[in-house]
Amino acid sequence: MIKITLFSTQPYDRRFFDAAADPSIEFTYQEAALTPHSIALAEGADGVCVFVNDVLDASVLEGLASLNVRAVFLRCAGYNNVDLATARRLGIQVARVPAYSPEAVAEHAVALIMTLNRRTHRAFNRVREGNFNLDGLLGVTLHGRTAGIIGTGKIGIATARILKGFGCRLLAHDPMPSPEFETLGELVSLEQVIAQSDILSLHCPLLPATHHMINARTLAAMKPGAMLVNTSRGGLIDTRAVIEALKSRQLGALAIDVYEQEAGLFFKDRSSDIIDDDIFGRLMTFPNVLVTGHQGFFTVEALTEITAVTLDNIRAFRDGRVSGNEVAVQV
Ligand code: NAD
Numbered sequence: 052m053i054k055i056t057l058f059s060t061q062p063y064d065r066r067f068f069d070a071a072a073d074p075s076i077e078f079t080y081q082e083a084a085l086t087p088h089s090i091a092l093a094e095g096a097d098g099v100c101v102f103v104n105d106v107l108d109a110s111v112l113e114g115l116a117s118l119n120v121r122a123v124f125l126r127c128a129g130y131n132n133v134d135l136a137t138a139r140r141l142g143i144q145v146a147r148v149p150a151y152s153p154e155a156v157a158e159h160a161v162a163l164i165m166t167l168n169r170r171t172h173r174a175f176n177r178v179r180e181g182n183f184n185l186d187g188l189l190g191v192t193l194h195g196r197t198a199g200i201i202g203t204g205k206i207g208i209a210t211a212r213i214l215k216g217f218g219c220r221l222l223a224h225d226p227m228p229s230p231e232f233e234t235l236g237e238l239v240s241l242e243q244v245i246a247q248s249d250i251l252s253l254h255c256p257l258l259p260a261t262h263h264m265i266n267a268r269t270l271a272a273m274k275p276g277a278m279l280v281n282t283s284r285g286g287l288i289d290t291r292a293v294i295e296a297l298k299s300r301q302l303g304a305l306a307i308d309v310y311e312q313e314a315g316l317f318f319k320d321r322s323s324d325i326i327d328d329d330i331f332g333r334l335m336t337f338p339n340v341l342v343t344g345h346q347g348f349f350t351v352e353a354l355t356e357i358t359a360v361t362l363d364n365i366r367a368f369r370d371g372r373v374s375g376n377e378v379a380v381q382v
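If you're matching positions, the sequence shown starts at 52 in this note's numbering and goes up one per residue.
Dropping the structure here:
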């Protein structure tokens with residue numbers, strides 16, 4: 052029997068993990084996120100199972116190691132929240148779910164583009180109130196527009212395929228591009244994709260090199276009035292600089308499923324709380340900003356796959372087998 056403490060448990064996590072139950076794995080579900088204050092909840096566990104906003108920095112990993120926790124199982128693809136060097140030093144194995152449904156995230160990115168472009172979220176509210184005025188709902192025809200993709204991995208390619216179907220001209224930048232992109236569009240420099248895109252969609256991981264890749268300088272280099280879409284990780288965008296670009300009308304629209312300071316804000320009902328984050332509050336005042344709370348992954352298919360792969364990662368760790376989903380520190 053291997054014991055796993057699952058942090059940041061939502062009702063749907065429990066539902067999917069219970070449905071896939073493996074009698075040789077004992078889960079303890081904790082609603083709390085893993086932070087320096089909640090490490091003790093992992094007492095007695097062999098491994099912890101975590102999500103995007105759980106904290107796995109050096110101090111948390113050292114705390115886990117002192118409880119004899121030997122493995123971290125991420126229920127997600129991105130691992131920017133894990134200090135891999137410290138995990139390796141402490142002998143803690145880290146495994147992730149590298150691809151669960153790239154189409155789920157790509158479809159959400161396109162849903163954001165479609166909603167924000169044609170203002171269907173605003174139209175919905177207007178019509179419910181008997182207001183059939185079209186003023187303020189003007190969009191552009193996506194057919195023939197230039198869409199730029201930064202990062203041609205699994206999600207970037209899935210997004211490009213959908214936008215190709217709309218008849219968009221596609222540009223992309225990636226230091227290690229997927230060969231498939233060449234059948235969809237043109238690979239160009241970062242400067243070119245930023246300067247030429249009517250819609251710029253981010254699909255690269257958050258790394259030291261990509262942190263704030265969208266900043267005052269790159270925003271100024273964008274096509275005036277372009278739309279910026281981020282379903283990847285909040286830290287790719289300098290949110291303060293984006294607010295200035297929205298105020299100056301240089302940036303035409305912003306659609307985000309991820310936000311730099313989303314930890315502590317997303318995945319909870321905060322409708323009765325006073326939200327202290329003034330930057331988030333300012334974003335909410337723009338009529339041309341659309342925010343969803345990190346739901347790109349949230350489909351039945353993706354949750355089924357996340358659960359199945361996580362269980363297999365746990366079994367592989369227990370049996371001393373390599374799953375291929377282990378994350379190694381980059382040296
Ligand atoms: P992937 O590893 O398949 O692809 C990432 C691509 O980015 C690779 O081709 C890589 O070469 C490229 N890249 C790396 N550095 C780059 C740079 N400086 N500039 C441009 N491209 C660069 O990853 P994926 O499965 O396509 O996922 C992409 C990101 O989406 C993940 O890192 C994760 O943060 C995010 N994600 C979000 C959700 C959500 O629910 N919103 C769900 C899953 C993943």
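Just so it is clear, CB atoms sit at the ideal spot from N, CA and C, and this is done for glycine as well.
Sort out for me which residues DSSP pairs Ala-198 with in a bridge.
-> Within the sequence shown, residue 198 is the residue found at index 147, counting from 1. The partner list for Ala-198 (beta bridge, DSSP) reads Leu-221, Ile-250.
Determine the extent of the alpha helix (DSSP H) in which Thr-290 is found, giving its start and end residues.
-> Against the sequence shown, residue 290 aligns to sequence position 239. Start and end: 290-298.
Counted within 10 angstroms of its Cβ, other Cβ atoms place Glu-352 as buried (16 or more) or exposed = Taking the sequence shown and counting its residues from 1, the one referred to as residue 352 is at position 301. By the neighbour-count criterion, in which a residue is buried when 16 or more other Cβ atoms sit within 10 angstroms of its Cβ, Glu-352 is exposed.
Secondary structure of Glu-346, DSSP reduced to three states = As a working mapping, residue 346 is identified with position 295 in the sequence shown. Reading off the sequence shown, one finds Gln at residue 346, where the question assumed Glu. Here Gln-346 sits in coil by DSSP.
Inspect the beta-carbon positions of Val-101 and Leu-92 and report whether they are closer than 8 angstroms.
-> As a working note, residue 101 is residue 50 in the sequence shown. As a working note, residue 92 is residue 41 in the sequence shown. Going by beta carbons, Val-101 and Leu-92 fall outside the 8 angstroms limit.
What do you reckon, are the CB atoms on Arg-173 and Gly-187 nearer than 8 angstroms?
-> Indexing the sequence shown from 1 puts residue 173 at position 122. Indexing the sequence shown from 1 puts residue 187 at position 136. Taking 8 angstroms as the Cβ cut-off, Arg-173 and Gly-187 qualify as a contacting pair.
Rounded to a whole number of angstroms, what is the C-alpha to C-alpha distance between Thr-77 and Ala-198?
-> In the sequence shown, counting from the first residue as 1, residue 77 sits at position 26. In the sequence shown, counting from the first residue as 1, residue 198 sits at position 147. One point to set straight first is that residue 77 is Glu, not Thr, in the sequence displayed. One C-alpha to the other measures close to 46 angstroms.
Do you know how far the Cα of Ile-326 is from the Cα of Ile-53?
-> Numbered from 1 along the sequence shown, position 2 holds the residue referred to as residue 53. Numbered from 1 along the sequence shown, position 275 holds the residue referred to as residue 326. Their Cα atoms are separated by approximately 40 angstroms.
Would you check whether the ligand NAD has a heavy atom nearer than 7 angstroms to the C-beta of Ala-150?
-> To locate residue 150, count along the sequence shown from 1; it is residue 99. It does: the Cβ of Ala-150 is within 7 angstroms (strictly closer) of some heavy atom of the ligand NAD.
Cα-Cα separation, Ala-271 to Pro-87 = Within the sequence shown, the letter at position 220 stands for residue 271. Within the sequence shown, the letter at position 36 stands for residue 87. Roughly 39 angstroms between the two C-alpha positions.
Collapsed DSSP secondary structure at Tyr-80 in the structure displayed = Taking the first residue of the sequence shown as position 1, residue 80 is located at position 29. Note: Tyr-80 maps to strand in three-state DSSP.
By a C-beta neighbour count over all protein chains shown, 10 Å radius and 16 as the cutoff for buried, is Val-103 buried or exposed?
-> As a position in the sequence shown, residue 103 is number 52, starting the count at 1. Buried, because 16 or more other Cβ atoms sit within 10 Å of the Cβ of Val-103.
Ignore the nearest five residues each way along the sequence and tell me which others in Val-156's own chain have a CB closer than 7 angstroms to its CB.
-> Here residue 156 refers to the residue found at position 105 of the sequence shown. Excluding positions up to five away in sequence, the list reads Ile-206, Thr-282, Gly-347, Phe-348.
How many angstroms separate the CA atom of Thr-358 from the CA atom of Gln-61?
-> Here residue 358 refers to the residue found at position 307 of the sequence shown. Here residue 61 refers to the residue found at position 10 of the sequence shown. Between Thr-358 and Gln-61, the C-alpha separation is close to 13 angstroms.
At least three beta-carbon pairs within less than 8 angstroms, the segment 207-221 to the segment 257-271 = Counting Cβ pairs under 8 angstroms, fewer than three are found: no touch.
Where DSSP assigns a beta bridge to Thr-56, which residues make up the other side?
-> Taking the first residue of the sequence shown as 1, we reach residue 56 at position 5. Thr-56 is bridged to Thr-79, Val-99.
Measure the Cβ-Cβ separation of Leu-251 and Leu-287 and say whether it is below 8 angstroms.
-> Residue mapping note: residue 251 aligns to position 200 of the sequence shown, counting from 1. Residue mapping note: residue 287 aligns to position 236 of the sequence shown, counting from 1. No.
Per DSSP, what kind of secondary structure is Asn-281 in: helix, strand or coil?
-> For this step, residue 281 is matched to residue 230 along the sequence shown. When secondary structure is reduced to three states using DSSP, Asn-281 falls in the strand class.
Within the same chain, show all residues whose beta-carbon is closer than 6 angstroms to that of Ile-294, passing over the 5 residues directly before and after it, in chain order.
-> Taking the sequence shown and counting its residues from 1, the one referred to as residue 294 is at position 243. Excluding sequence neighbours, Ile-294 sits near Arg-333.
Short check: CB of Ala-96 to CB of Ser-59, under 8 angstroms?
-> Against the sequence shown, residue 96 aligns to sequence position 45. Against the sequence shown, residue 59 aligns to sequence position 8. No, the Cβ-Cβ distance between Ala-96 and Ser-59 is not below 8 angstroms.
Using only alpha-carbon positions, find the residue among Ala-162, Ala-267, Phe-318 that is nearest to Ala-296.
-> As a position in the sequence shown, residue 296 is number 245, starting the count at 1. The shortest CA-to-CA distance from Ala-296 to any of Ala-162, Ala-267, Phe-318 is the one to Ala-267.
Are the segment 225-233 and the segment 178-195 touching by the rule of at least three beta carbon pairs closer than 8 angstroms?
-> no
If we ignore side chains and look at the alpha-carbon of each, how far apart do Glu-377 and Gly-190 end up?
-> By one-based count along the sequence shown, residue 377 stands at place 326. By one-based count along the sequence shown, residue 190 stands at place 139. Going from the Cα of Glu-377 to the Cα of Gly-190 covers about 44 angstroms.
Proximity of Ser-229 and Gly-204 at Cβ, strictly below 8 angstroms | If you number the sequence shown from 1, residue 229 lands on position 178. If you number the sequence shown from 1, residue 204 lands on position 153. Cβ atoms of Ser-229 and Gly-204: closer than 8 angstroms.
How is the beta strand (DSSP E) around Ile-307 delimited, first residue to last?
-> Residue 307 sits at position 256 when you count from the first residue of the sequence shown. From DSSP, the beta strand (DSSP E) with Ile-307 extends over 302-307.
Nearest candidate by alpha-carbon position, reference Thr-361, set Ser-117, Val-123, Tyr-63 = What you label residue 361 is simply residue 310 of the sequence shown in a count that begins at 1. Ranking the options by Cα distance to Thr-361, first place goes to Val-123.
Run of the alpha helix (DSSP H) containing Val-156, from where it starts to where it stops | Translated into positions along the sequence shown, residue 156 becomes position 105. Residue range 153-169 is occupied by the alpha helix (DSSP H) that includes Val-156.
Val-340 by DSSP, collapsed to three states: which one?
-> As a first step, residue 340 is located in the sequence shown; it is residue number 289 there, counting from the start. DSSP places Val-340 in strand when its eight states are reduced to three.
Between which two residues does the beta strand (DSSP E) harbouring Asp-122 extend?
-> Counted from its first residue, the sequence shown places residue 122 at position 71. Per the sequence shown, the amino acid found at residue 122 is Ala instead of Asp. Run containing Ala-122: 122-125, per the beta strand (DSSP E) assignment.
Delimiting residues of the beta strand (DSSP E) encompassing Val-145 = Residue 145 sits at position 94 when you count from the first residue of the sequence shown. Run containing Val-145: 144-146, per the beta strand (DSSP E) assignment.
Between Ala-277 and Ser-248, is the Cβ-Cβ spacing less than 8 angstroms?
-> Residue numbering aside, residue 277 sits at position 226 when the sequence shown is read from its first letter. Residue numbering aside, residue 248 sits at position 197 when the sequence shown is read from its first letter. Contact check for Ala-277 against Ser-248 passes: the beta carbons are separated by less than 8 angstroms.
Paired residues, beta bridge with Val-133 - DSSP = In the sequence shown, residue 133 corresponds to position 82, counting from 1. Val-133 is bridged to Leu-107.
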